[in-house]
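**Student:** In mature numbering (1 follows the signal peptide of the UniProt record, and there is no 0), the protein residues as written are -27 to -1, 1 to 543.
Beta carbons are placed, not taken as given, at the ideal position from N, Cα and C, and that holds for glycine.
This structure is in structure tokens; I'll ask about it shortly.
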Amino acid sequence: MKSKTFMLSTWLQILLTLATLSHPSIADLTTFNEPCLGVVSDQLSIDGDDLLCQTPTGMLYNVSSVGDTWVEKHMLTGELFSGETILEIPANTILNTDTQTLEMDEPPSLHLQDQGRRRLRQLAKTQGDKTVLAVRVVASNSDTTHNAEEISHAIFGGPNDHVNLKSQVHACSHGKLNFERRPDLDGVDTNIRNGVVTIKVIMTVEVGHSKIVNAVSQEILRQFDKTHMDIADHVMYCLPIGAMDGVAYAIMNRGLSVYNDKFCTSVSAQMHEIGHNLNLGHSSERTEKYGDQSGMMGYSYRSSEAPKMCYNAAKSFQLGWFRDKTSSYTPGEPSWADHDRTFNLASIVDYDTTNYDVTVEILQPQLQLNYYISFNAGKEFNSGVREGKNQVLIFKQALIDGNDSWRVADLAPGQSFTVSDFNGKTGDKLTITVNSMNLGTSEAVVRLQLQQARRPTPSPTQFPTKAPTSAPTPRPTRDAVGRNPTPDGSNVTGQSCQGSFQTCSGTPECCAGYSCRRILDPSGFHNVCRAVTKNSKDKLPRTTLKWWDRRLRGDSTANRLKDSEDELAE
């Protein structure tokens, strides 16, 4: 009998333990009613973006009710812009403090802030002098591999550290963007010195990086009476050993980046994550999201001193560093009457001394998907480039901030790349050819040729003659119901109105419950009617969501260069 009682007691304890592990305690759940700024987190070497709620004090909570597809959809339609969109959280939302997750039954509503000044704000972030603070995090049971002095040298430079975030961004931007140490500041019981502060958290690394990151943010506020958003332009959290998987992650279009221990000293990881802060997407090639190793938004490497590389042409154009030596062409427009252009192209390394363009932009207005051409000279601060060295490179990127770029061609003299169905016009071809190249002066001569397909001229349309009526036709009257829509998209009086995703020029054309909004889909930017409130029929087709990936993926006409000397950080 005692044996049976003991076994029953043991099983009850096991079941209770399992229940505790699978269900959070009441103490871990609390009602959430704080204001929320929508931010997108992009983790290096892990596909997919996470939507986070950032509170006024800088806390970050994962929004559990949405996934990658939802985030991708609303970024493509322009409704979700990291750091610019306000999240309207449902009233019954619960904060799970154990997982740092907001639990809600439906996705939040999105409200985009002032869009008119966004471009000015973006340029302000990518030019001028900006402060950087590195936060060395110490947990109860783990420390960082590098001490505060070593971290400072790896970011800002030191006796044995000549390639770092500060030096490389200054060189790549030709002084347009400069990262400086956050000035020294005394806290309650810890101090900022040489751009670094040590923050201790009373928790073990096993609780996970989400809880540790928010605990660090709370401690910064306690120590300095400033949020991490206010204490410096860019704040880098260097987490202790075992606190997170992967390499690093950053908040798009905001100032926070988080690193897995020693990757805080990796110059490529630093430039990659700060690039996300500057709202840069990844640099991709073929089917590899990080496959473009001609720039820092592809793979990262473990070394604190290598490689010496910059951002690719599409990213440099987005950053606005070389606008005075960038030309834009729109093949097929009236000004392109002869269908042929030849231009000289120099490397960004020679930006200060050349009279030639360092970037050429090829516009496709109908697709909102442009091409960018550059000469990738492998010398000086770009001497460590892993792919496309001393070749003319071609990239394509959609006109949406934060979008990935795709490297589609590496061209040597005499080689060409052809864009089929250019600007969305069937049969049109744009051919980009490298006529010649001078490695001594790092210059190339490039030719653009547009071949337009012959299209039949449509026959003139005869207008039908309307037979006269014997009496005036009475004007239809509206009934009291007005424009209430029926399932087929018309209103109850039989008068037509525009339903879900039908084109419009203004809200009055849309059925009741719909408003005219600007979106992006495979046919470009245009206005369509969208449901004002949640509507099961108002869904963007999944084919449209995946359109950009299909459209952007392309093959290079030249062989990819491989360099396995330095271990990739995967």
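#1: Pick out whichever of 192, 212, 214 has its Cα sitting closest to the Cα of residue 204.
#2: Does residue 97 pass the burial test, meaning 16 or more other C-beta atoms within 10 Å, or should it be called exposed?
#3: Between which two residues does the alpha helix (DSSP H) carrying residue 315 extend?
#4: Which full runs of the alpha helix (DSSP H) of 4+ residues lie inside the region 203 to 260, going along the chain?
#5: Can you name the residues that DSSP bridges to residue 424?
#6: What separation, rounded to the nearest whole angstrom, lies between the Cα atoms of residue 45 and residue 343?
#7: Taking only three categories from DSSP, how would you classify residue 287?
#8: Determine the direct distance from the alpha carbon of residue 322 to that of residue 328, and round the result to whole angstroms.
#9: Helix, strand or coil for residue 135, going by three-state DSSP, please let me know.
#10: Using only alpha-carbon positions, find the residue among 119, 109, 258 that is nearest to residue 377.
#11: Considering only their Cβ atoms, is the gap separating residue 36 from residue 225 smaller than 7 Å?
#12: Helix, strand or coil for residue 477, going by three-state DSSP, please let me know.
#13: Going by DSSP, what residues sit across from residue 69 in a beta bridge?
#14: Pop quiz: residue 276 and residue 358 are said to be a contact at Cβ under 8 Å. What is the actual Cβ separation, rounded to whole angstroms?
#15: So what's residue 169 in DSSP terms, helix, strand or just coil?
#16: If we ignore side chains and look at the alpha-carbon of each, how far apart do residue 230 and residue 209 end up?
#17: Compare the C-alpha of residue 28 against each of 7, 244, 336 and name the closest.
#18: Using alpha carbons as the reference points, say which of 60, 47, 49 lies closest to residue 34.
#19: Measuring CB to CB, does residue 410 end up less than 7 Å from residue 386?
#20: Helix, strand or coil for residue 190? Go by DSSP, reduced to three states.
#21: By alpha-carbon positions, which one of 74, 220, 414, 421 ends up nearest to residue 243?
#22: Quick check on residue 147: does DSSP put it in helix, strand or coil?
#23: Per DSSP, residue 379 forms a beta bridge with which residues?
#24: On the DSSP letters alone, give me the boundaries of the beta strand (DSSP E) that residue 129 sits inside.
#25: Does the Cβ-Cβ distance between residue 423 and residue 403 come in under 7 Å?
#26: Would you kindly check if the distance between the Cβ of residue 116 and the Cβ of residue 127 is under 7 Å?
#27: Can you give me the start and stop residues for the alpha helix (DSSP H) that residue 23 sits inside?
#28: Between residue 52 and residue 83, how many whole angstroms is the CB-CB distance? I'm expecting something under 8 Å.
#29: Cα-Cα, which of 188, 393, 169, 171 is closest to residue 177?
#30: Output the distance between the C-alpha atoms of residue 336 and residue 324, rounded to the nearest integer angstrom.
#31: With 7 Å as the threshold, decide whether the Cβ of residue 286 is near any Cβ in chain D.
#32: By the DSSP assignment, the beta strand (DSSP E) with residue 334 in it spans what residues?
#33: Taking the C-alpha atoms as reference points, what is the distance between residue 195 and residue 104?
#34: Leaving aside the five residues before and after residue 130 along the sequence, list all residues of the same chain whose C-beta is less than 7 Å from its C-beta, in chain order.
#35: Along the chain, where does the alpha helix (DSSP H) that runs through residue 41 open and close?
#36: Can you tell me which of the three DSSP states residue 353 falls into?
**Tutor:** Short version:
#1: When only C-alpha atoms are compared, the closest one is 192.
#2: By the neighbour-count definition (other C-beta atoms within 10 Å, threshold 16), residue 97 is an exposed residue.
#3: Taken as a continuous stretch (DSSP letters only), residue 315 belongs to no alpha helix (DSSP H), being part of the beta strand (DSSP E) at 313 to 319.
#4: The qualifying runs are 240 to 250.
#5: Note: residue 424 sits in a beta bridge opposite 402.
#6: Taking the straight line from one Cα to the other gives about 20 Å.
#7: Note: residue 287 maps to helix in three-state DSSP.
#8: The alpha-carbon atoms of residue 328 and residue 322 are separated by roughly 13 Å.
#9: The DSSP-derived three-state label of residue 135 is coil.
#10: Comparing Cα-Cα distances from residue 377 to each of 119, 109, 258, the minimum goes to 258.
#11: With contacts defined as CB atoms closer than 7 Å, residue 225 and residue 36 fail to qualify as a contacting pair.
#12: Secondary structure at residue 477: coil, using DSSP grouped into helix, strand and coil.
#13: Residue 69 has 2, 74 as its beta-bridge partners, per DSSP.
#14: In fact, because the Cβ distance is near 14 Å, the residues do not count as touching under 8 Å.
#15: When secondary structure is reduced to three states using DSSP, residue 169 falls in the strand class.
#16: Going from the Cα of residue 230 to the Cα of residue 209 covers about 5 Å.
#17: Among 7, 244, 336, the Cα nearest to that of residue 28 belongs to 7.
#18: Of the candidates 60, 47, 49, the one whose C-alpha sits nearest the C-alpha of residue 34 is 60.
#19: In this structure, residue 410 places its C-beta atom within 7 Å of the C-beta atom of residue 386.
#20: Helix.
#21: Here the closest residue by C-alpha is 220.
#22: Coil, per DSSP.
#23: Note: residue 379 sits in a beta bridge opposite 257, 369.
#24: Counting along the chain, residue 129 falls outside any beta strand (DSSP E), though it belongs to the alpha helix (DSSP H) covering 121 to 129.
#25: By the CB criterion at 7 Å, residue 423 and residue 403 fall inside the cutoff.
#26: No. Outside cutoff.
#27: Where residue 23 is concerned, there is no enclosing alpha helix (DSSP H), although the beta strand (DSSP E) it sits in stretches over 22 to 27.
#28: So it is a contact: roughly 5 Å between Cβ atoms.
#29: Nearest C-alpha to residue 177: 188.
#30: Each residue's alpha carbon lies about 23 Å from the other.
#31: Absent here is chain D; the protein component of the structure consists of one chain.
#32: Here the beta strand (DSSP E) through residue 334 covers 332 to 335.
#33: One Cα belongs to residue 195, the other to residue 104, and the distance between them is close to 21 Å.
#34: So the qualifying residues of the chain are 137, 139, 140.
#35: 41 to 49 is the span of the alpha helix (DSSP H), which, as asked, contains residue 41.
#36: It is helical.
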